[in-house]
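Going by our numbering, 109 is the number at position 107 of the sequence shown; the sequence numbering is gapless.
Glycine residues also receive a C-beta, built at the ideal position from the N, C-alpha and C atoms.
These figures come from a predicted structure and were not determined experimentally.
Take a look at the structure set out below.
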Amino acid sequence: MNAILDSGSQKCLCSLEASNFLGLEKYSMNSTIVGLNGACISVRKGISAEISNGSSFKRKLNFLIVPKITGCVPTQPLDLTKIKLPQNIRYADAEFNIPKRIDILLGGEIFYELLKSKQIKLHDNSIILQDSVFGYIVTGSIQNEPSNYYFCNFIQDQVDRNLTKFWDLEAIGIKAESSCDPDDQAMQHFKSSVRFNSGRYEVGFPWKSHTQELNDNFSVAEKRVKSLTRRFIRDPTLYIQYSEILKEYESQGIIERVLETEKPTDRAVFSIYRTKRSFAKKA
């Protein structure tokens, strides 16, 4: 994992790719990160992780998960041939001159705990080797080959970008394909099937296509009915109470009678039967 330190950041950050690689449990949250030029990004997930130098220093931190922290650092390979770097010290990153992807950002809550007091200044004080719990960190500036590439952190609102793209498509007569998102499909089905009938709202079930049909359990339900019938014979009062409740449900439109068929194949498609345990109103 490659990390950068930022004393101005109020929180620690972890890239989405790094969080997936670590495999730690993510927790839900609702936070907003304000970046360069006031751009904002919403954060919905976070992780708790422990950072360590492998020996004396350990600290558990909470990280906000973001899609990407920044570009590679440094932006291009650094030429170290003109700089005499000390060889008798341990560097936090021995290959600091090679561009690398940034996985985590350690913010102000931990920044000063990581630094030690010793510094080594080189190259007319333009380069500073700052001691830390991870080893010496190299910072400063050196004369390097000119580059047309620079990076800065900028967060773009994806919603605004998507809306702009949508308007551009509509303007040239291209309509976007229908959404495959289940939530969008459910809302479309609701709008197309909702009805107001006899003082009640009715909406059709959003049945899925290509579903696996359930096995016919008519024989199981039939055995339950026969068992319940034998109980009614032993207890006529229970039979009367049971019948009254079913008649009440039928009058209220909760249940309805279905015609008995001779062949199982003649029954309706939804041939699922279940007789619940006996029930009766008690005084």
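Q.
Within 8 Å, do at least three Cβ pairs link the stretch 16-26 to the stretch 111-120?
A. The stretch 111-120 vs the stretch 16-26: no contact.
Q. When the Cα atoms are used, what is the spatial distance from R232 to R226?
A. So the alpha carbons of these two residues sit roughly 10 Å apart.
Q) Under three-state DSSP, which class holds R232? A) If DSSP states are grouped into helix, strand and coil, R232 belongs with the helices.
**Q.** Beta-bridge partners of T141, as assigned by DSSP
**A.** I130
**Q.** Whole beta strand (DSSP E) elements within the stretch 58-140, 3-residue minimum
**A.** Segments of the beta strand (DSSP E) lying fully in the stretch 58-140: 60-68, 106-108, 117-124, 129-134.
Q) In three-state terms, what does DSSP make of N55? A) coil
Q: Can you give me the Cβ contacts of S44 inside the same chain, cut-off strictly under 7 Å, excluding the 5 residues immediately before and after it?
A: T34
Q.
Short of 7 Å in beta carbon distance, which residues of its chain neighbour Q188, apart from the five on each side in sequence? Order them along the chain.
A. The amino acid occupying residue 188 in the given sequence is Ala; Gln does not appear at that position. Same-chain partners within the cutoff: P208.
Q. For G201, which three-state DSSP category applies?
A. coil
Q | 8 Å Cβ shell around D61 - same chain, five flanking residues per side excluded | A | The sequence given here places Arg at residue 61; Asp does not occur at that position. Its chain contains E52, I53, S54, I112, E115 as the residues whose beta carbon lies nearer than 8 Å to that of R61, once the 5 sequence neighbours on both sides are disregarded; these appear in chain order.
Q. Three-state secondary structure (DSSP) at M189?
A. helix
Q) What span of residues does the beta strand (DSSP E) with I247 cover, start to end? A) Per DSSP, I247 belongs to no beta strand (DSSP E); it is in the alpha helix (DSSP H), 238-253.
Q) Run through DSSP, which three-state label would N4 get? A) coil
Q: Could you pull the start and end residues of the alpha helix (DSSP H) that L18 belongs to?
A: That run of the alpha helix (DSSP H) goes 18-24.
Q.
Suppose the cutoff is 7 Å on Cβ atoms and the five residues either side in sequence are ignored; what does the same chain contact list for G109 look like?
A. D8, S11, Q12, K13, C14
**Q.** Outcome for G201 when other beta-carbon atoms lying within 10 angstroms are tallied against a minimum of 16
**A.** exposed
Q: Give the range of the beta strand (DSSP E) segment to which V36 is assigned.
A: 29-36
Q) By the 10 Å Cβ neighbour count, where 16 or more other Cβ atoms means buried, how is V161 classified, buried or exposed? A) In this prediction, V161 has a pLDDT of 47, which is less than 50 and means its spatial position is unreliable; what the coordinates show is noted afterwards. So V161 ends up on the exposed side.
Q.
Does D159 pass the burial test, meaning 16 or more other C-beta atoms within 10 Å, or should it be called exposed?
A. For D159, the predicted model reports a pLDDT of 42, less than 50, meaning its position is unreliable and no value from the coordinates is stated.
Q. Can you name, in chain order, every residue of its own chain whose Cβ lies under 7 Å from the Cβ of I6, other than the five neighbours on each side?
A. V75, I104, L107
(Q) If you reduce the DSSP assignment to three classes, tell me which class K210 lands in. (A) coil
(Q) Given a cut-off of 8 Å on the beta-carbon distance, is the pair S134 and A94 in contact? (A) yes
Q. Which residue from L80, I49, F220, L63 puts its Cα closest to that of V140?
A. L80
**Q.** Three-way DSSP call (helix, strand, coil) for G40 in this model
**A.** Three-state result, G40: helix.
Q: Using only alpha-carbon positions, find the residue among S57, N90, P101, N64 that is nearest to Q78.
A: P101
**Q.** R1, DSSP secondary structure in three states
**A.** Residue numbering for the chain in the displayed model covers 3 to 285; residue 1 lies beyond these limits and cannot be assessed.
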